[in-house]
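In order, the protein sequences belong to chains D and A. Numbered according to UniProt numbering, the first sequence spans residues 1 to 422. Numbered according to UniProt numbering, the second sequence spans residues 1 to 422. What follows is a short report on a single structure.
There are 2 protein chains.
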Amino acid sequence: MKGAEKMSGSEVRRKAKTARMAAKKLAVAEEEKKNEALEAMATALIRHRDRIFSANETDLLQGEKAGLPPALMDRLRLTRKRLEEMGEGLCQLRRMPDPVGEILDSRRREDGLRIEKVRVPLGVIGMIYEARPNVTVDAAGLALKAGNAVVLRGSSSASRTNRALTEALHRALAGTSLPEEAVQLVEDPDRQAVHELITMNGWIDVIIPRGGAGLIRRVVRESTVPVLETGVGNCHIYVDRSAKSAMAEEIVINAKTDRPAVCNAVETLLVHRVWAEKHLPSLCEKLRQQGVQVKGCSRTRALFPQADEAGEEDWETEFLDLVLPFRIVDSLEDAVEHIDRYGSRHSEAIITEDDTAARTFMRGVEAAAVYHNASTRFTDGSQFGFGAEIGISTQKLHARGPMGVTELTSYQYRIHGTGQVR
Amino acid sequence: MKGAEKMSGSEVRRKAKTARMAAKKLAVAEEEKKNEALEAMATALIRHRDRIFSANETDLLQGEKAGLPPALMDRLRLTRKRLEEMGEGLCQLRRMPDPVGEILDSRRREDGLRIEKVRVPLGVIGMIYEARPNVTVDAAGLALKAGNAVVLRGSSSASRTNRALTEALHRALAGTSLPEEAVQLVEDPDRQAVHELITMNGWIDVIIPRGGAGLIRRVVRESTVPVLETGVGNCHIYVDRSAKSAMAEEIVINAKTDRPAVCNAVETLLVHRVWAEKHLPSLCEKLRQQGVQVKGCSRTRALFPQADEAGEEDWETEFLDLVLPFRIVDSLEDAVEHIDRYGSRHSEAIITEDDTAARTFMRGVEAAAVYHNASTRFTDGSQFGFGAEIGISTQKLHARGPMGVTELTSYQYRIHGTGQVR
């Protein structure tokens, strides 16, 4: 065991250090070279698709044997369409502007000293994620576009698929002037490997966990490397007293049913009592017709007795499923207070015809994205025009909301003098 | 003991939660109100100076009894001048633009959805620092200007001074429309109080440690709240083969002797062998005349035998004193490699007449600030034109280098719709 841990340690450390060397080269790589590499990576996914699908087939078989739940099996499954989408994502990145080298600020002091603030890559990104193999390709592409190397630690259930994908990316990079070491896959299944990765200060510049709440909590707790916390979305829609009923219905149904398993789906509905008295039963009924299990507080159930009982636990839950608890509130302030207490600072919406109420809500609610009269489902890198996203940050430091290429950069002050001293 | 810990827990938790309530009010406070508060705080420092000086006197007496080293005693000591400087800092902040509410980006989608990226406060800042009482006032002022509340945990050796300063700030805030709870001082001397503060995710948005390497390491290791790592400065100057000797001498002497105890002072000198052969003895001699202990690698000592022996340990040390180890290198690449290995990513300089060499160095070195032909001493918030600084970040996430008011903000996406769904 001790020996195994030591071996595990050496794989992670070796790969992180190799990535660091590659990052130095990538940091000064020209835009054109990076774009060529992205194109080669996209091509390689198609060229090596047989090998990739066959690896995925084995992972799926193993998953079936291990009794993985259907939702997980679905995430794990690579289809021709999904592989093509990964390739398109890389091509989209190719067309985006290179953020590295952008002059963010420049000032000249009276003594002639010129202080430039220049955008630079973050360096080495440690990515820890579950199941979805597309993260392997997305993360590699986004990191590379921003001049970063990446150390990937995927789920063991997708290990063969991830290896096949990484091999394809390596072959692509081998044909370019960029280092293929820019993409590192940690294959050690030991949990200790994760711990080692997230405590490699000086080698890894940032850790991005993507997955369930348990994974994210563990990384936040154990990591000494700075973390970009992503993803848990306990999102609310507050239907204000002046909301138009048709608009409220359309938005709520979209936010709940369009794709219930994602983090920007709505998880609790807060309804002003005046609106509720008129429109709540009809909204609940329509949700039920869409296959949604409607739950509710006692006031909700007084208006719509078919609702199941909802309480404390429901307010705290990210269902990721066709379940929606309702809570009737007496005021906008009560809605904000509920969100303050239970929200995960991801996406929050108000539906109202009252602009003052909208402004109060949007300024009073702490979340990466706040909406007035629109679905929470828009919190997404490609919807925001970022091309792709490496995750959705729910913390306030560095980046908030969808994180694209720009969010994978830092800056450096470059000071040009002619002998100045203090 | 158990009881005491519990009590300690409740003080920190109570104060952090009170700060959080205050932060919600501050986040929507008008610029004018914040500026009035900053002015009132500056006035209060002068009005209550007798009480502040008397508290400081008691801390100094206690410090003497406890045998605090002279450097620490000096940092602890409040003089009339230092108190006035704190007040001036607050007035400077008053004159700076309010960062909150700035529209950082705005795009309208084809479906009419308008996505605004707006600058907002971070929320509640946890500040953990040693000795210097000016941090109490600087942090409170910077935080408030950016719309944040702050929880301060100073050194126990400055506890009376910090309390007197905080009381003055509270009296000032009590006369304004802003909540005096915006500034919270944790008085519990137990180390456990720090641990509690840095694990209050959801209540504290960021932890900023300011102090020695030990404090910073502990905070980085234990904190589950995102950290802005500050300060350790193992800075280098690399004197390239083409450097002008007069310029090199002036810059090196300034960077070492102007204020040796600060983090932007130079700690190791790297010298190209060709330059060294001609100019190293003269530079070493001049440093000695300034009271600097010159140390060196074997090649340095061959050229300047009076140098003491330097080795591994010296390359790793942030002396914060009049000591300067020299190392002769064969190339710019060797210099960059040395900095990669031993540097703390704070400030690094090259002195050269060769612009290509300067560019290679500045792009190849990982540091918050890289200099060409200027002293490392400029890495400082007020030198950079930020008015004041809450610390100098040596990490790459969120902020790098001197952190002023802007660095104490985050952003939020505000999305304005007319019923859009996906």
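Glycine is no exception: its CB is placed at the ideal position from the N, C-alpha and C atoms.
Contact list for residue i against chain D, beta-carbon separation under 8 Å
{"i": "residue 113(A)", "result": "374 and 378"}
{"i": "residue 363(A)", "result": "27 and 28"}
{"i": "residue 422(A)", "result": "254, 258, 375, 377, 378 and 383"}
{"i": "residue 227(A)", "result": "226"}
Chain-ordered chain A contacts of residue i [CB-CB under 8 Å]
{"i": "residue 382(D)", "result": "In chain order: nothing, as chain A lies at least about 11 Å away."}
{"i": "residue 368(D)", "result": "412 and 413"}
{"i": "residue 400(D)", "result": "410, 411, 412 and 413"}
{"i": "residue 391(D)", "result": "What residue 391(D) touches in chain A: nothing, since even the nearest Cβ is about 14 Å away."}
{"i": "residue 311(D)", "result": "The contacting residues do not exist; residue 311(D) stays about 21 Å from chain A at best."}
Cβ-Cβ separation, residue j to residue i (assumed contact under 8 Å), whole Å
{"i": "residue 266(D)", "j": "residue 235(D)", "result": "5 Å"}
{"i": "residue 182(D)", "j": "residue 149(D)", "result": "5 Å"}
{"i": "residue 151(A)", "j": "residue 15(A)", "result": "6 Å"}
{"i": "residue 147(A)", "j": "residue 121(A)", "result": "3 Å"}
{"i": "residue 162(D)", "j": "residue 82(D)", "result": "Residue 162(D) to residue 82(D), Cβ: 14 Å. No contact."}
{"i": "residue 159(A)", "j": "residue 187(A)", "result": "7 Å"}
{"i": "residue 207(A)", "j": "residue 198(A)", "result": "5 Å"}
{"i": "residue 368(A)", "j": "residue 228(A)", "result": "Residue 368(A) to residue 228(A), Cβ: 12 Å. No contact."}
{"i": "residue 251(D)", "j": "residue 351(D)", "result": "6 Å"}
{"i": "residue 269(D)", "j": "residue 239(D)", "result": "7 Å"}
{"i": "residue 303(D)", "j": "residue 248(D)", "result": "Not confirmed; about 15 Å, so no contact."}
{"i": "residue 345(D)", "j": "residue 366(D)", "result": "5 Å"}
{"i": "residue 381(A)", "j": "residue 402(A)", "result": "4 Å"}
{"i": "residue 126(A)", "j": "residue 204(A)", "result": "4 Å"}
{"i": "residue 164(D)", "j": "residue 276(D)", "result": "Their Cβ separation, rounded to whole angstroms, is 53 Å, which puts residue 164(D) and residue 276(D) out of contact at 8 Å."}
Neighbour list for residue i in chain A, Cβ cutoff strictly below 7 Å
{"i": "residue 146(D)", "result": "The contacting residues do not exist; residue 146(D) stays about 12 Å from chain A at best."}
{"i": "residue 396(D)", "result": "122, 123, 205 and 410"}
{"i": "residue 457(D)", "result": "Only positions 1 to 422 of chain D appear in the structure, and residue 457(D) is not among them; the question remains open."}
{"i": "residue 404(D)", "result": "Neighbours of residue 404(D) on chain A: none; closest Cβ ~12 Å, over 7 Å."}
Neighbour list for residue i in chain D, Cβ cutoff strictly below 7 Å
{"i": "residue 127(A)", "result": "Within 7 Å Cβ-Cβ: nothing; residue 127(A) doesn't reach chain D, min ~15 Å."}
Contact set between residue i and chain D, taken where Cβ atoms lie within less than 9 Å
{"i": "residue 107(A)", "result": "384 and 385"}
{"i": "residue 154(A)", "result": "Chain D residues near residue 154(A): none, gap ~23 Å exceeds 9 Å."}
Proximal residues of chain A, C-beta to C-beta of residue i below 9 Å
{"i": "residue 233(D)", "result": "Here the premise fails: no neighbours, minimum Cβ distance about 14 Å."}
{"i": "residue 343(D)", "result": "Going along chain A, no residue has its Cβ under 9 Å from residue 343(D), so there is no contact; the nearest lies around 10 Å."}
{"i": "residue 141(D)", "result": "Correct list: empty, because the minimum Cβ distance to chain A is about 20 Å."}
The stretch 153 to 161 of chain A touching the stretch 26 to 34 of chain A, judged by at least three CB pairs closer than 8 Å: no
Take every Cβ of the stretch 404 to 417 of chain D, pair it with every Cβ of the stretch 127 to 143 of chain D, and state whether three or more of those distances are shorter than 8 Å. yes
Check whether the stretch 286 to 301 of chain D touches the stretch 253 to 265 of chain D, taking contact to mean three or more Cβ pairs, one atom from each stretch, closer than 8 Å. yes
Measuring CB atoms only, is the stretch 373 to 381 of chain A touching the stretch 331 to 345 of chain D, in the sense that at least three cross pairs come out at less than 8 Å? no
Contact list for the stretch 62 to 91 of chain D against chain A, Cβ threshold 9 Å: none
Quick check: the stretch 49 to 62 of chain A against the stretch 107 to 117 of chain A, are at least 3 beta-carbon pairs closer than 8 Å? no
Is the stretch 168 to 187 of chain D touching the stretch 15 to 26 of chain D in the sense that three or more CB pairs, one from each, lie closer than 8 Å? yes
Contacting positions in the stretch 197 to 225 of chain A - beta carbon closer than 8 Å to chain D: 201, 205, 206, 220, 221 and 224
Where are the alpha helix (DSSP H) runs, 4 residues long or more, that stay fully inside the stretch 25 to 100 of chain D, in chain order? 31 to 47, 49 to 65, 70 to 76 and 80 to 95
With contact counted as at least three CB pairs below 8 Å, one residue from each stretch, are the stretch 84 to 96 of chain A and the stretch 108 to 126 of chain A in contact? no
Interface residues of the stretch 231 to 262 of chain A facing chain D [CB-CB below 7 Å]: 247, 250, 251, 254 and 258
Which full runs of the beta strand (DSSP E) of 3+ residues lie inside the stretch 318 to 363 of chain A, going along the chain? 323 to 329 and 347 to 351
Mind listing which residues of the stretch 267 to 301 of chain A have their C-beta closer than 7 Å to chain D's C-betas, in chain order? none
I'd like the ranges of any beta strand (DSSP E) spanning at least 3 consecutive residues and lying wholly in the stretch 275 to 305 of chain A. 293 to 296
At 3 residues or longer, and completely inside the stretch 94 to 165 of chain A: list those beta strand (DSSP E) runs for me, N to C. 103 to 108, 114 to 121, 124 to 129 and 149 to 153
Flag this pair as touching only if the stretch 221 to 230 of chain A and the stretch 221 to 228 of chain D have three or more C-beta atom pairs under 8 Å; answer yes or no. yes
Check whether the stretch 388 to 406 of chain D touches the stretch 386 to 395 of chain A, taking contact to mean three or more Cβ pairs, one atom from each stretch, closer than 8 Å. no
Report the start-end ranges of each alpha helix (DSSP H) in the stretch 183 to 256 of chain A that is 4 residues or longer and not cut off at the edges. 191 to 197 and 213 to 222
Name, going along the chain, the residues of the stretch 173 to 191 of chain A whose beta-carbon falls closer than 9 Å to a beta-carbon of chain D. none
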